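Per full-length UniProt numbering, residue 1 is the first one in the sequence shown, and the count goes up by one each step.
Everything on this sheet refers to the single structure shown next.
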Amino acid sequence: MIIDTHLHPTNLVDEAWRHTGEPFNGERMLKMMDGPYMINGKPRRIDMGFIQPPPGNTGYRDGNRRGRDGIRDYMAYIAELCQKYPDRFIGNFTFNPRWGPEEGALELEFHIKEYGFKMLKLHANMHGYRPDRALDWLRPAMKVCAKYNIVVLIHTGDGPYTIPTQFYPIIREFPMVNFIIGHFGIQTGGNYSFEAFWMAMDTPNVVCESGWCFQSRIVEFAKQLPRNKIVFGTDTPPNEPGMWLRELEVLCSPAPQGMGLDEEGLEDYMGNNIARLCGIKTTPPPRTMEEAQARLTDTYAGVK
């Protein structure tokens with residue numbers, strides 16, 4: 001399977017990105033996931049995706065409920081989609097400690113037990129805290145992640161609060177929790193891809209998300225990183241997933257643009273690595289055109 005670690009469907013207008021003023025709902029997301037996308041000459045789709053609300057919609061606004069009720073409100077549409085399309089969507093819980101660290105940890109545990117969530121998202125810039133000095137805010141949720149083997153996806157790449165190394169204290173305190181450096185350390189305000197690379201090289205429980213990284217750097221990093229250290233993520237929307245799939249596919253081409261990667265290695269990057277971290281069954285790449293075509297017609301493909 002191809003599994004995208006980073007999707008933002010919403011039934012409300014995204015307060016941060018806007019996206020032309022029309023909500024990018026779950027059905028639009030599934031249509032985009034269905035592609036098909038040509039990978040090494042075979043049609044593929046994004047089989048599954050970890051979904052979370054747009055971070056701009058997870059802060060407090062006048063009129064919102066507070067505490068656990070408010071958290072449950074901003075996570076409600078994601079929970080609904082995970083129930084409606086369980087073979088395509090996996091829940092990613094957005095943890096905003098400003099709604100209450102303990103309340104957020106309790107809601108995380110609720111979403112794990114009730115809806116099968118397998119990932120947690122931290123966005124320190126959007127939620128306004130310095131992660132290396134806010135450890136008391138993060139510990140309650142990290143303890144839940146350790147208990148249930150929940151992977152933590154960290155937004156990184158821009159200051160003042162999402163420079164990758166600012167998360168080292170919490171990463172080192174919880175070596176039993178797996179952390180994904182989102183955007184490979186690249187976002188609107190900076191390029192910290194080499195920080196992300198060395199964190200993944202030096203720290204057993206850190207991997208990097210491929211999306212937003214420059215194509216030539218992906219080749220450079222993939223040559224040195226252990227094969228399990230890169231996972232596929234697109235940040236859709238605003239991004240279009242096909243370009244990030246192509247960025248990984250090019251690794252199968254000869255040097256210098258690629259590295260002669262075999263299809264099993266590409267499948268690891270596109271889905272099997274995150275599957276192993278989250279307890280999802282891994283799959284081999286399709287060997288024939290017929291097998292690839294058959295995979296496009298599974299549950300919910302082509303949903304209206």
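The C-beta atom is built at its ideal place from N, Cα and C for all residues, glycine as well.
Here the structure is a predicted model, which is why all the values come from computation and not from measurement.
In terms of residues, what are the limits of the alpha helix (DSSP H) holding residue i?
{"i": "Val250", "result": "From DSSP, Val250 is part of no alpha helix (DSSP H); its letter is neither H nor E."}
{"i": "His111", "result": "Pro101 to Tyr115"}
{"i": "Asp136", "result": "Leu135 to Tyr148"}
{"i": "Gly265", "result": "Glu263 to Glu267"}
{"i": "Lys84", "result": "Gly67 to Lys84"}
{"i": "Leu277", "result": "Asn273 to Cys278"}
{"i": "Asp202", "result": "Ser193 to Asp202"}
{"i": "Arg295", "result": "Met289 to Arg295"}
I'd like to confirm the pairing. Which residues does DSSP put opposite residue i in its beta bridges?
{"i": "Pro43", "result": "Met38"}
{"i": "Cys208", "result": "Ile181 and Ile230"}
{"i": "Gly91", "result": "Ile51"}
{"i": "His10", "result": "In the sequence on display, residue 10 carries Thr and not His. None, per the DSSP bridge assignment."}
{"i": "Thr58", "result": "The partner list for Thr58 (beta bridge, DSSP) is empty, contrary to what the question assumes."}
{"i": "Thr282", "result": "Its beta-bridge partners do not exist; DSSP assigns none."}
Which of the three DSSP states, helix, strand or coil, is assigned to residue i?
{"i": "Phe214", "result": "coil"}
{"i": "Asn25", "result": "coil"}
{"i": "Asn96", "result": "coil"}
{"i": "Asn64", "result": "coil"}
{"i": "Gln187", "result": "strand"}
{"i": "residue 306", "result": "As displayed, the chain neither begins before 1 nor continues past 304, which places residue 306 out of reach and without an answer."}
Using the rule of at least 16 other Cβ atoms within 10 Å of the residue's Cβ for burial, across every protein chain shown, is residue i buried or exposed?
{"i": "Asp235", "result": "buried"}
{"i": "Asn272", "result": "buried"}
{"i": "Ser193", "result": "buried"}
{"i": "Gln257", "result": "exposed"}
{"i": "Arg246", "result": "exposed"}
{"i": "Arg45", "result": "buried"}
{"i": "Ser210", "result": "buried"}
{"i": "Arg18", "result": "exposed"}
{"i": "Ala146", "result": "exposed"}
{"i": "residue 330", "result": "Past the edges of the chain, shown from 1 to 304, lies residue 330, and the structure says nothing about it."}
{"i": "Lys31", "result": "exposed"}
{"i": "Thr297", "result": "exposed"}
{"i": "Met289", "result": "exposed"}
{"i": "Val255", "result": "The question names Val, but residue 255 is Ala in the sequence shown. It counts as exposed."}
{"i": "Met119", "result": "buried"}
{"i": "Leu135", "result": "exposed"}
Look at residue i and residue j and say whether their C-beta atoms are less than 9 Å apart.
{"i": "Phe89", "j": "Leu108", "result": "no"}
{"i": "Leu122", "j": "Pro9", "result": "no"}
{"i": "Gly182", "j": "Gly233", "result": "yes"}
{"i": "Val207", "j": "Leu277", "result": "yes"}
{"i": "Gly159", "j": "Phe117", "result": "no"}
{"i": "Ile112", "j": "Tyr60", "result": "no"}
{"i": "Ile51", "j": "Gly35", "result": "no"}
{"i": "Ile170", "j": "Pro131", "result": "yes"}
{"i": "Phe110", "j": "Val152", "result": "no"}
{"i": "Val231", "j": "Ile274", "result": "yes"}
{"i": "Asn125", "j": "Tyr161", "result": "yes"}
{"i": "residue 378", "j": "Glu114", "result": "Residue 378 falls outside the range modelled here, since the chain spans only 1 to 304, and no answer is possible."}
{"i": "Pro286", "j": "Glu264", "result": "no"}
{"i": "Arg98", "j": "His127", "result": "yes"}
{"i": "Met270", "j": "Lys229", "result": "no"}
{"i": "Thr5", "j": "Gly49", "result": "yes"}
{"i": "Met29", "j": "Leu12", "result": "no"}
{"i": "Phe214", "j": "Phe197", "result": "no"}
{"i": "Met142", "j": "Pro164", "result": "no"}
{"i": "Glu15", "j": "Asn57", "result": "yes"}
{"i": "Pro53", "j": "Tyr85", "result": "no"}
{"i": "Pro241", "j": "Met33", "result": "yes"}
{"i": "Phe93", "j": "Ile150", "result": "yes"}
{"i": "Gly157", "j": "Trp244", "result": "no"}
{"i": "Asp62", "j": "Arg295", "result": "no"}
{"i": "Asn205", "j": "Phe174", "result": "yes"}
Looking at the secondary structure, which residues open and close the beta strand (DSSP E) in which residue i lies?
{"i": "Leu122", "result": "Met119 to Leu122"}
{"i": "Phe50", "result": "Met48 to Ile51"}
{"i": "Leu7", "result": "Ile3 to Leu7"}
{"i": "Ile163", "result": "Looking at the DSSP string, Ile163 is not in any beta strand (DSSP E), and its letter there is neither H nor E."}
{"i": "Val152", "result": "Val151 to Ile154"}
Within the 9 Å Cβ cut-off, does residue i reach chain C?
{"i": "Lys143", "result": "Looking at the structure shown, chain C is missing, and only one protein chain is on hand."}
Does the distance between the C-beta of residue i and the nearest non-hydrogen atom of the ligand NAP fall short of 8 Å?
{"i": "Gly100", "result": "Absence of the ligand NAP from the depicted structure is noted, as is the absence of any ligand whatsoever, leaving it without description."}
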